[in-house]
Each structure stands twice: as C-alpha cells, then as structure tokens.
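Engineer:
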Amino acid sequence: MKQVFLLFLAFLVLFPSNAHAQSPQTGSITIHKEASSFDSPGLSLAGIEFQINRLSEIDVMSEAGRKALETLSVADVLKGQTLIDAPLYQQTTLEGSIGVARFTDLPIGAYLVQELPSRTGDVSRAITSPFFVSIPYFSVDGTYYNVEGKPKIQPITLTKSADVSYVTAGDKFNYTLDAVVPLPDTNGELHRFVIKDTVPDGLEVNDNPRVTMRGLNYQSTLQQGTHYSFTVDNNRDVTLRFSPNGLTELARARQQHFDLTVQFTFESTASKDLADGTRLHNIAYFYPDGYPDTDDSRSIPSNEVVLAVRKDDNGIIVPPIPTIPTFPSTPDTPGYAPDPTDPTGSTNAEKVPEKRNILASTGASVIAMIVFGLILATIGVALIWKRQSNEQ
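Count the sequence shown with mature numbering (1 follows the signal peptide of the UniProt record, and there is no 0) and you get residues -21 to -1, 1 to 371, in order.
1) Which one or two residues does DSSP pair with Asp157 in a beta bridge?
2) Quick one: residues in its chain with C-beta nearer than 7 Å to the C-beta of Thr323, no 5 flanking neighbours on either side, listed in chain order?
3) Inspect the beta-carbon positions of Leu239 and Val184 and report whether they are closer than 7 Å.
4) Run through the DSSP bridge pairs and tell me what Ser210 is partnered with.
5) Rounded to whole angstroms, what is the Cα-Cα separation between Pro267 and His206?
6) Starting from the C-beta of Ser247, find all residues in its chain whose C-beta is less than 8 Å away, skip the five residues before and the five after it, and write them out in chain order.
7) Assuming Glu28 is part of the beta strand (DSSP E), what are its boundary residues?
8) Taking all protein chains shown into account, do 16 or more other C-beta atoms lie within 10 angstroms of the C-beta of His236, making it buried, or fewer, making it exposed?
9) Quick check: the region 41 to 54 against the region 118 to 125, are at least 3 beta-carbon pairs closer than 8 Å?
10) Do the CB positions of Ile114 and Ile132 come within less than 7 Å of each other?
11) Between Ala230, Glu42, Ser108, Gln70, which has its C-alpha nearest Asn166's C-alpha?
12) Classify Gly204 as helix, strand or coil using the three-state DSSP reduction.
13) So what does DSSP say about Leu259, is it helix, strand or coil?
14) Looking at the secondary structure, which residues open and close the beta strand (DSSP E) in which Asp84 lies?
15) Just the C-alpha distance for Thr147 and Thr218, rounded to the nearest angstrom, thanks.
16) Who are the near neighbours of Val143 in its chain, counting only those whose CB is closer than 6 Å to its CB and skipping five residues on each side?
17) Residue 387 by DSSP, collapsed to three states: which one?
18) State the Cα-Cα distance for the pair Ala263 and Lys139, rounded to the nearest angstrom.
19) Excluding five sequence neighbours on each side, which residues of the same chain lie with their C-beta closer than 6 Å to the C-beta of Ala287?
20) Assign Lys12 to one of three DSSP states: helix, strand, or coil.
21) Would you identify the three-state DSSP class for Gly21, choosing helix, strand or coil?
22) Nearest-angstrom Cα distance between Leu253 and Met192?
23) For the beta strand (DSSP E) that Leu286 lies in, which residues bound it at each end?
24) Give me, in chain order, the residues of the same chain whose beta-carbon lies closer than 7 Å to that of Thr99; leave out the 5 immediate sequence neighbours on both sides.
25) For Pro109 and Gly59, I'd like the C-alpha separation in whole angstroms.
26) Please name the residue, chosen from Lys251, Thr273, Ile8, that lies closest to Thr83 on a Cα-to-Cα basis.
27) What are the start and end residues of the beta strand (DSSP E) that includes Glu74?
28) Does DSSP put Gln93 in a helix, in a strand, or in coil?
29) By the DSSP assignment, the beta strand (DSSP E) with Glu183 in it spans what residues?
30) Count the other C-beta atoms from every protein chain shown that fall within 10 angstroms of the C-beta of Asp176, then say buried if there are 16 or more, exposed otherwise.
31) Using only the alpha-carbon positions, how far apart do Asp64 and Ala14 sit?
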C-alpha cells in the first residue's frame, strides 16, 4: 500500500485538508499551479487546463485494487491498456500568485491527472508530469477525501555523459547528451530544438553523430539532413539543430510519449599532445521553445563532465590506489514525502541497507592492499627489465 502513496507523492506534495468530505462516497481534487523559472516572462497562471480520468476498473477501497494501482504505469494508461471513464476538465483561476483548479463531487476511485497545453507559439511553459491520485487518499495521519496539493513539474533538462572515465592521448570516445522534450503548444507544434556543445581544447569532434528519440518501450532513429543538421566549427564547436520535418516528428512522438527524450551522441578524438594530468571540463547547452539560441544568457545548461588525461612515459597505465572500504551511508528514511532537492520529485523507497560486518571490511581491505602490492611489484620488474634491455 505504501508504494501507492509513493507513486502519488512522486508528483504531488500534499497540503493539510479536511479528513472527510461531506459524503463518504465523493471527494475532491484541488491542484495548485505555481510559476517556474522555466516559464517565459509574462505568462499567466490563469486559464491553464487540467484533465482527469477515473480508472474504471481500480477499486481503491479493496486490497486487490490498491495492489493493482501499485503495478500500473501512467504510460500504460495513456496507451489505452486500462479502461478509463470520460474526461473531466477544469481551468485554473488566479488566487493570489498561484493558479488553482478544483474538481469537486468526484466518485471514489483512482484518477489520472494531466496538464494540457496552455502555451501558443515560441514560448516556454513548465508542465506537470501525469500522475495518479486516489480518493480517498490513505496516510498514516488518516483518510482524506479532499485531496489538495502542488504537482511536481516535469523538468526540462540536458544531461551529459561520456563512455569513458579518463582518456589517453590519441583515444577516441563518445559524448552523449540526453534532452527532455517539452510538451508541444496548443497547436501541437514545437518551434526550436537546438543543442550546442564546445568540447575542451585538446579534443577534436568527428563527423558521425547519432540521434534517437527515446521513451518507455519506444525508440526511433532520426536521419541527418532529414530531421536535423549537425555542424562542427573550429573542430570543437558542435551544433545540433532540428529541421522543420524533425520538429514535426518530435512533436508527434512527444504527444504519444510523455517521457520522451532526444539522445544525441558524437565521437571525439583526444590530441596526442595532451599532457598527463590534464583535466577536460565540459558543459553543453540546450535551447528549446522560448530559449532563442542567439541569446547566450537564456539557455538550459547540462551537468559538467570532467575527464582526466592519463599516461606515462613507458606507456604503462598506473592503476588507481584502492581505498579502504567504509560503511555505506544510510539513506533518507523512506516516508511519504519526496526529496525536496530532487527536481524529478522522485522518492527514496528503497530498503535501508544493513551495515557491513567490520571483520569482512577489514579482510577486504587487506586483500585489496595485497593485490595492489603485486601490481606495483610487476610494474617495477617490467621497468627494471626494460632499463637493462636499453643498456645492452
């Protein structure tokens, strides 16, 4: 049962409300919509439309129904794999600095809640990820028939990674960028999708990009020249720009897959002149709707990727010194509220790991040091042999 709450609270932060509605057979859902730093300036919080659908076959008052909700995914419902009732709609009205949408006199049951497009044209608007909520809502504090809360937004992010943890001069490796696709506007259109990346000095970009659209149980490869352009200036300045055809395909896929991302991979070569110990720092930038790529002051930056250059004069890579094992840190206690620092609103529902036996940890450290000593001895013998060979 707890997982039902966690699924719900991954997207909604509850506020105190009356424990019971006037009738035990009905309830309400009240949604608070707040402004986001992702929103274009001047957008109103009034008139934003929300849609709810009751899940026809889920009986939240039974143990079997609650277990069924635990295993149900939003994607399955959106794909029509679960029966739902006719939709109900409500628009937000401005109350102070927030928009509020109220659904009242709702039958008991589980509901899918979605925010519909409210922007038009080349502007940005943060939206709520689809989520489930049940009436009544069961918590350790009681049973709630009037559910009120603030949905977690779907963050528009750019995540960068590399397929290596370090590079050797002359190596080839891949950078990968994963960008979250925003919801299309009221006309079903996307107006811009641009990623820019200047790789560090000492790297050179190769001309073999790969671009795919990805969602849950979905993947589609896009074609250079048809869906996007890929340009490299000065061997380091990368620009991925979706064409009108690519934007149309992207908007179509996003309407069918709320979790859609674009994965962009390109190859780089490390210069043979890179010095040992050099650290290669890199951040890329994303320009979706509402973020003109001519304005460097408004963009969505990726995380920073740092790669170290490692080599020595004899061509031998010295392994890292193993660290003495320590006790695992204890995670946050699982509960009903999501981590407030997590932009995705995910919750930590994993079982707290047991601490390791100190004798086992000590034995592991001894073994690690013995292995490391053998490695160093082998390297020493190799160097002495090489020096004797050179003297002969």
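Beta carbons are placed, not taken as given, at the ideal position from N, Cα and C, and that holds for glycine. This one's a predicted model, so the numbers in the text were calculated from it and none came from an experiment.
Structural biologist: In short, the structure shows the following:
1) What you label residue 157 is simply residue 178 of the sequence shown in a count that begins at 1. For Asp157, which the question treats as bridged, DSSP gives the partners Thr138, Gln242.
2) Here the question's residue 323 lines up with position 344 in the sequence shown. Here Thr323 scores only 38 on pLDDT, less than 50, and its place in the model should not be relied on; the value that follows carries that caveat. Pro134, listed in sequence order.
3) The count along the sequence shown starts at 1 and reaches residue 239 at position 260. The count along the sequence shown starts at 1 and reaches residue 184 at position 205. No, the pair does not count as a contact, with Cβ atoms beyond the cut-off.
4) Taking the first residue of the sequence shown as 1, we reach residue 210 at position 231. Here the sequence assigns Thr to residue 210, which means Ser is not the residue at that position. DSSP lists Thr218 as partners of Thr210.
5) In the sequence shown, residue 267 corresponds to position 288, counting from 1. In the sequence shown, residue 206 corresponds to position 227, counting from 1. Taking the straight line from one Cα to the other gives about 16 Å.
6) In the sequence shown, residue 247 corresponds to position 268, counting from 1. Within the same chain, Ser247 has close Cβ partners Lys151, Phe152, Asn153, Tyr154, Val178, Leu182, Glu183, Val184, Asn185.
7) On the sequence shown, residue 28 is found 49 positions in, with the first residue counted as 1. From DSSP, the beta strand (DSSP E) with Glu28 extends over 28 to 33.
8) The sequence position of residue 236 within the sequence shown is 257, counting from 1. It is buried - the Cβ of His236 has at least 16 other Cβ atoms within 10 Å.
9) no
10) Locating residue 114 in the sequence shown gives position 135, where the first residue counts as 1. Locating residue 132 in the sequence shown gives position 153, where the first residue counts as 1. Contact: no.
11) As a first step, residue 166 must be located in the sequence shown, where it is residue number 187. Cα-wise, what sits closest to Asn166 is Ala230.
12) Taking the sequence shown and counting its residues from 1, the one referred to as residue 204 is at position 225. Coil, per DSSP.
13) Start at 1 with the first residue of the sequence shown, and residue 259 comes out as number 280. Note: Leu259 maps to strand in three-state DSSP.
14) One-based indexing of the sequence shown puts residue 84 at position 105. 77 to 86 is the extent of the beta strand (DSSP E) around Asp84.
15) Start at 1 with the first residue of the sequence shown, and residue 147 comes out as number 168. Start at 1 with the first residue of the sequence shown, and residue 218 comes out as number 239. For Thr147 and Thr218, the distance between alpha carbons rounds to 26 Å.
16) As a first step, residue 143 must be located in the sequence shown, where it is residue number 164. Within the same chain, Val143 has close Cβ partners Phe152.
17) Residue 387 lies beyond the stretch modelled for the chain, which goes from -21 to 371, so this question has no answer here.
18) Taking the first residue of the sequence shown as position 1, residue 263 is located at position 284. Taking the first residue of the sequence shown as position 1, residue 139 is located at position 160. Rounded to the nearest angstrom, the two C-alpha atoms are 7 Å apart.
19) Walking along the sequence shown from the start, residue 287 turns up at place 308. These residues qualify, in order along the chain: Tyr145, Arg258.
20) Counting from 1 along the sequence shown, the entry for residue 12 is found at position 33. Strand, per DSSP.
21) Taking the first residue of the sequence shown as position 1, residue 21 is located at position 42. Coil.
22) Locating residue 253 in the sequence shown gives position 274, counting from the first residue. Locating residue 192 in the sequence shown gives position 213, counting from the first residue. Distance between the alpha carbons of Leu253 and Met192: 35 Å.
23) Here residue 286 refers to the residue found at position 307 when the sequence shown is read from its first residue. Here the beta strand (DSSP E) through Leu286 covers 284 to 288.
24) The sequence position of residue 99 within the sequence shown is 120, counting from 1. Cβ within range, chain order: Asp164, Thr165, Asn166.
25) As a first step, residue 109 must be located in the sequence shown, where it is residue number 130. As a first step, residue 59 must be located in the sequence shown, where it is residue number 80. Straight-line Cα distance between these residues: approximately 15 Å.
26) Here residue 83 refers to the residue found at position 104 when the sequence shown is read from its first residue. When each option's Cα is compared against that of Thr83, the closest is Ile8.
27) Within the sequence shown, residue 74 is the residue found at index 95, counting from 1. Counting along the chain, the beta strand (DSSP E) containing Glu74 begins and ends at 72 to 74.
28) Stepping through the sequence shown from its first residue, residue 93 is reached at position 114. It is a strand residue.
29) One-based indexing of the sequence shown puts residue 183 at position 204. Residues 182 to 184.
30) The residue labelled residue 176 in the question sits at position 197 within the sequence shown. Buried is the call here.
31) Looking up residue 64 in the sequence shown gives position 85. Looking up residue 14 in the sequence shown gives position 35. Computed Cα separation, rounded: 30 Å.
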